[in-house]
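Read the structure below first, then the notes.
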Amino acid sequence: AELDYRSEAANAKQFSESIERTPLCGAVFAPPCVEACSSRRVLTSEWIYGERLERSDAEDVSKLCSVAMNSYLTMLLETGVLHADPHPGNLLRTPDGRLCILDWGLVTSLDEGFRINYIQHIAHLVSGYYDPVPSDLVKLDFVPEGKEEEIRNSEVVVVLADIYSKWSGGGGAGAMDANKVFAELQGLSGKYGNLFRVPPYFFYIA
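Residue 182 in our numbering sits at position 136 of the sequence shown, and the numbers go up by one each step.
Put into structure tokens, the structure is as follows:
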């Protein structure tokens, strides 16, 4: 998809239009494409003035970090088209205090069934209702079919519950150390290799 710039332009446009229907309207956007100057091999977008979010010392940086977090949650749980290249160079603070997300060549699509399963999975972990979690993990491809009971008797559910409880405990994104999350998940995968695996899509959505 990254080789066809028409797809990248469409991804950016879809994000900007979908975000207008949410409380994030006016807070975040993608660079508009100049269609008359773009093609499959050439992408021309409007020039966006701004500074990398992590290098800015503006007073609203903390707010924009929350905007970024909520934007990705909106893509993950509502629109189903997720920007999959969120490195610091793609997040800009504009002079008027908005967040601009650059580079829409790499996205992943999440169907409605996946989004519903993922929401239910998070809700079960955060609420402490762990009985359905093994089945959730099968639906989300973390666990092979037929292995639910073995997972139920392992430490996998406890570790996952701890990860999500930190997220929901008031610290937001700041309470989540992505490197630590991946280390914990990979540790589980190494220990329970025949039971638990980290599916490839997770590296795009986490």
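Glycine is no exception: its CB is placed at the ideal position from the N, C-alpha and C atoms.
Quick caveat: nothing in here was measured; it's all calculated off a predicted structure.
Proximal residues to residue i (C-beta, below 8 Å), its chain only, five neighbours per side dropped
i	result
P78	A58, K59, S62, S91 and E92
E158	G126
Rounded C-alpha distance that separates residue i from residue j
i	j	result
V203	S85	48 Å
I65	E195	40 Å
D106	L138	12 Å
G174	D182	14 Å
F228	A207	14 Å
S53	V80	14 Å
Q232	K226	10 Å
E100	T120	21 Å
L234	I168	18 Å
A104	G236	42 Å
Reduced DSSP secondary structure (H/G/I, E/B, other) of residue i
i	result
E97	strand
V80	coil
V244	coil
L138	strand
S200	coil
S91	strand
V189	coil
Same chain, Cβ closer than 7 Å to residue i, neighbours up to 5 away in sequence not counted
i	result
Y238	S200 and V202
K193	L241
T125	S64
I94	P77, L138, T140 and C146
First through last residue of the beta strand (DSSP E) which encompasses residue i
i	result
H129	V127 to H129
L145	L145 to I147
S155	V153 to S155
Residues near residue i in its chain [Cβ-Cβ closer than 6 Å; skip 5 each side]
i	result
P1	This structure gives no information on residue 1, because the portion of the chain shown stretches from 47 to 252.
V244	L231 and S235
Segment limits, alpha helix (DSSP H) that includes residue i
i	result
S108	V107 to T120
Y51	Y51 to I65
L171	E158 to S173
Is it the case that the segment 160-170 contacts the segment 133-148, given that we only count it when at least three CB pairs across the two stretches are under 8 Å? Not touching, per the Cβ criterion.
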